[in-house]
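When the letters of the sequence shown are read in order and numbered with this note's numbering, they come out as residues 109 to 522. In this text, a Cβ means the ideal position worked out from N, Cα and C, and glycines have one as well.
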Amino acid sequence: MPDTMYVTFEESWDAKSRTGGGALSEEVARVRDAAGLPYAVVYRVPGREVPLAARMVVWRAGVLDSWAYDEYGRRTAEAELQMRTDEGQLLIRRLLVRRYPDGQTGEFDVHCPRTVVELSAGGTARISHQPQGMRGASLEAQLTVADEHLWTPRPGFDDWSALPVADALPHWVAAELVAAELGAAEPAAAEPAVAGSGWRLEPSRLLGSPDFDRVFRPGTHIGGVRVREAVPCGSVRVPSGVLAVDCPQSGDEEPRITVAVPPGTYPVEAASVEVADRGQPSYEELVAVRLQVSDVPVAAWEMALGPGDDTLRLRAGAAFGFGTDAATGAFGDADAWQDLRGLLDRASRPGSSEADKIASTEVGAHLDGGGLGADMAVFYTGGDGVYPVWVGRSASGEVVCVAVHTGLDLDLDD
């Protein structure tokens with residue numbers, strides 16, 4: 109800890125923007141501490157604009173959150189602590205440590221190595237270590253830990269200035285990881301893998317079914333249903349080079365999911381299957397839509413992430429995506445997204461002079477953005493909820509297509 113470090117106080121703290129809600133004097137902060145009211149402690153050094161760390165204190169709620177920052181303003185560590193019932197101890201509930209390979213890697217870059225430790229008062233620790241970031245495999249374990257690793261004394265107000273900035277993993281976690289990584293290097297640990305005592309080697313949670321595009325291969329049988337010929341649904345202009353995927357009725361200012369693609373015009377098509385119920389006439393059901401960027405074969409499918417999405421918080425079988433309470437989604441240009449949404453709303457009204465901008469498709473509608481230089485392809489989903497967006501990438505990592513599984517739940521690995 110630098111000898112020249114000093115602390116300041118704020119009403120609150122925004123960890124992302126590294127800004128407080130208003131400066132507080134030490135006297136006011138002391139009164140807030142005694143009353144259990146929220147305040148933030150910010151650690152600084154002269155000549156550095158970015159703080160070393162910040163702690164958000166709310167004793168009345170029994171919580172203490174902290175963040176450490178590097179010289180670029182990136183969070184290197186985050187901790188969540190919960191007060192024990194006797195109020196003299198804090199449970200270290202969650203600790204996340206990131207290790208940036210260079211000065212350009214972003215906080216949520218899929219290549220950024222990181223480790224999370226989640227502790228319970230019962231004495232268990234869940235550790236997930238991603239040495240290659242979200243795209244790589246992770247070392248996972250649930251371990252029994254000693255009380256001394258679970259709890260830390262509650263700081264008094266006068267302790268803040270001398271309290272170390274925690275920006276590294278605890279020694280006991282680092283020691284466990286060394287043993288686990290040595291175990292993972294052994295050939296015997298290659299599949300579903302025991303990487304050491306209590307450790308497993310798990311595939312990346314970003315990766316989807318390696319054969320997702322089976323739903324676009326006519327005649328393929330998947331789980332008792334037969335894939336039909338894909339149906340064209342118009343094309344979408346993406347002049348900005350950033351494709352947006354979200355519910356067009358969402359009230360959010362920015363689209364939930366964006367994917368970088370080369371600027372251009374891309375066809376959209378829908379996949380459906382023929383479902384034959386015993387003794388009943390067969391029927392068709394939409395299962396997926398995709399925007400095709402190139403004809404290069406897909407080597408891997410990867411879940412697209414929205415702002416703040418982190419696979420370390422993603423449990424097995426769960427996925428991130430865009431949410432809808434209108435049973436619809438859409439592809440469109442990210443920069444023109446709000447203008448396209450506005451045009452869609454106006455053109456959908458009865459008697460609208462812009463009604464000719466909308467054309468029905470097999471799966472929803474196509475919106476011609478005209479002078480906006482961008483378009484929107486609207487598709488129906490199987491209902492309300494969260495729908496993952498899957499990015500098909502080539503062997504070299506380029507985007508080949510962007511797809512959404514919209515309907516019937518199919519086992520694509522079957």
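Boundaries of the beta strand (DSSP E) harbouring Gln400: Tyr391 to Gln400, taken from the DSSP string. Between Ala426 and Cys355, the C-beta spacing is not below 8 Å. Arg308 and Val281 have their C-alpha atoms roughly 16 Å apart. Comparing alpha-carbon positions, the option among Leu314, Asp267, Ala503 and Glu362 lying closest to His219 turns out to be Leu314. Counting the other CB atoms within 10 Å of its CB gives Pro363 a total of 16 or more, which places it among the buried residues. In this structure, the alpha-carbon of Tyr391 lies about 16 Å from that of Ala378. With a beta-carbon spacing of about 5 Å, Val395 and Val381 fall inside the 8 Å limit used to define contacts. For Gly450, there is no enclosing beta strand (DSSP E); the enclosing alpha helix (DSSP H) covers residues Trp445 to Ala455. Contact between the region 485-497 and the region 394-412 is present, with at least three C-beta pairs closer than 8 Å. Residue nearest to Glu118 within the set Ala473, Val166 and Pro154 is Val166 (criterion: CA-CA distance). DSSP places Arg421 within a helical segment (H, G or I) once states are collapsed to three. Within the same chain, and ignoring the five residues on either side of Asp443 in sequence, the residues whose Cβ sits closer than 6 Å to its Cβ are Ser348. A straight-line Cα-Cα distance of about 19 Å links Tyr374 and Gly505. CA-CA distance, Ala407 to Cys509, rounds to 11 Å. In this structure, Met242 is the residue among Thr252, Val139, Met242 and Val171 with its C-alpha nearest to the C-alpha of Asp417.
Cβ-Cβ distances below 7 Å link Asp275 to Ala176, Thr184 and Ala185 in the same chain, with the five nearest sequence neighbours on each side left out; the list follows chain order. The beta carbon of Glu310 sits closer than 7 Å to those of Ala245, Ser246 and Glu248, all from its chain and outside the five residues before and after it, given in chain order. Excluding residues up to 5 positions away in sequence, Thr328, Ile330, Val335 and Leu520 lie with their Cβ nearer than 8 Å to the Cβ of Arg322 in the same chain. Here Tyr114 is exposed. Its C-beta has fewer than 16 other C-beta atoms within 10 Å. A distance of 8 Å or more separates the beta carbons of Gly481 and Arg325.
Residues Val406, Ala407, Ala408, Trp409, Glu410, Val507 and Val508 of the same chain have their beta carbon placed closer than 8 Å to that of Arg501, with the five preceding and five following residues left out of the count. Judged by DSSP secondary structure, Asp464 falls outside any alpha helix (DSSP H); it is assigned neither H nor E.
Ranked by Cα distance from Phe439, the first of Met484, Val150 and Ala503 is Met484. DSSP, reduced to helix, strand and coil, places Ala270 within a helical segment of the structure shown. Between Arg126 and Leu420, the C-beta spacing is not below 8 Å. Cβ-Cβ separation between Ile365 and Gly414: approximately 5 Å, consistent with a contact (criterion under 8 Å). In the three-state reduction of the DSSP assignment, Phe216 falls in the coil class, being assigned neither a helical nor a strand state.
The beta-carbon separation of Thr469 and Tyr495, rounded to 18 Å, does not stay under the 8 Å limit for a contact.
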